[in-house]
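In the working numbering, the protein residues as written are 26 to 211.
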Amino acid sequence: MALASTSTLSSKSLLQSQSPLRSSNPQHSSFPLFPNNKSISRSAKPISAVHAAEPAKNPVVADKQSKSAASASTTIPPKTVPGKWTVDSWKSKKALQLPEYPDKQELESVLKTIEAFPPIVFAGEARSLEERLAEAAMGRAFLLQGGDCAESFKEFNANNIRDTFRILLQMGAVLMFGGQMPVVKV
């Protein structure tokens, strides 16, 4: 993704301008991006259902994945208790898009090397994200989740990362201004 924009927009000029979309009466704004807090009652609804990824619809692919998942689970046995998070709990999860590694010893070597590195995300950052996601779940913030879902390694470079990050920041600014609420960017 290589989209970029160098234009800027002053939020002050938009708020002060008299647009035909905004009525002269501030209590009855017809522009939906500027809601009247008195007219909107936000009721907190609990999350009632969460489900995992569905299995593949193509049985041939599903069989291939289950065989590769079975072979992967025999080489790396999970040492986890169901429901409890541990460093190795990811190994017990079903991977729907797992690549096949022909050299299992090399895989083990790479995993041991990665385990020796410091964490990419620290515990405080994870707790902060959980709190912000809870705010979004309660309707007090907007969740903006974006990025490539399946990028190839040859397209992975600093320019693509920068452009994606820039677009997410721009979208977050627009949503925060328009929705008049915090935006959780993931």
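We treat Cβ as the ideally placed atom computed from N, Cα and C, and that holds for glycine.
On a predicted model such as this, the values are computed, not experimentally measured, just so you know.
Rounded to whole angstroms, what's the CA-CA distance from L200 to S134? Just pull it up for me.
44 Å
Touching or not, the stretch 186-196 and the stretch 139-159, by the rule of three or more beta carbon pairs under 8 Å?
no
Can you give, in chain order, each stretch of the alpha helix (DSSP H) that sits fully within the stretch 112-148 and has at least 4 residues?
129-141
Give the straight-line distance between the Cα atoms of M163 and K210, rounded to the nearest whole angstrom.
16 Å
Please determine whether the Cβ atom of F190 lies at a distance below 6 Å from any heavy atom of the ligand HEM.
By its list of ligands, the structure shown contains no ligand whatsoever, and the ligand HEM lies outside what it can speak to.
Could you spell out where the beta strand (DSSP E) holding V209 opens and where it closes?
V208 to K210
Check whether the Cβ atoms of L168 and A161 sit closer than 7 Å, and answer yes or no.
yes
Closest residue to E140 among G172, P127, F202 and V112 (Cα-Cα distance)
V112
Which residues mark the beginning and the end of the beta strand (DSSP E) in which F167 is found?
F167 to L169
Mapping the DSSP letters down to three states, classify A87 as helix, strand or coil.
In this predicted model, A87 has a pLDDT of only 44, less than 50, meaning its place in the structure is not dependable enough to derive any value.
Do you know how far the Cα of K179 is from the Cα of E125?
18 Å
Identify whether A151 lies in helix, strand or coil by the three-state DSSP scheme.
helix
CA-CA distance, Q205 and I186?
28 Å
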